[in-house]
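Right, one structure below, let's go through it.
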Amino acid sequence: MFKYAALLPFAALALAGCGEEKEAPPAVEEPLGAYKAGGTEPGWSVNISENTMDVTASYGEDKFSIPINSSRKTADGWIVKGFDDKHNMNLTIMTGKECNDGMSDRVYADTVTATAGGIGTLEGCGGDITEGGDTAP
72 MFKYAALLPF AALALAGCGE EKEAPPAVEE PLGAYKAGGT EPGWSVNISE NTMDVTASYG
132 EDKFSIPINS SRKTADGWIV KGFDDKHNMN LTIMTGKECN DGMSDRVYAD TVTATAGGIG
192 TLEGCGGDIT EGGDTAP
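In the numbering used here, the protein residues as written are 72 to 208.
Structure below.
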């Protein structure tokens, strides 16, 4: 019994290294390219082109276009930020995390969170439709 007691600290050290998570690679500044995202309750959409975000929110009551100031590829997807003198929008895209828009039978490739000043945080979907239809949000 005492022979094994001396080994316990080493066993604990060996097990401690088993659950280590690797550090995620740093985000890299990179243009996203054309992308569409949207959601319901309240209805909103963001269309991204090369340098611009076109935003429609609150069922069309809020509309604005802003320049993209930052587009970063991360381990989980993308973070896209845009702002001007009046508006701002932060878009977090979780690539590969499928999403259903809740109003249709469509399933999209990505889950999206949009945060805009004066509007709040919006949850929705984006990217390619993987099931149930052929038009993006």
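Positions of the beta carbon are idealized from the N, C-alpha and C atoms, including for glycine.
| query | result |
| --- | --- |
| Taking only three categories from DSSP, how would you classify G131? | helix |
| Candidates A128, N171, G131: which alpha carbon is nearest G198's? | N171 |
| On the three-state DSSP scale, how would you describe G189? | coil |
| Kindly indicate the opening and closing residues of the beta strand (DSSP E) around S116. | 115 to 119 |
| Smallest Cα separation from T163: which of F154, K144, D176? | K144 |
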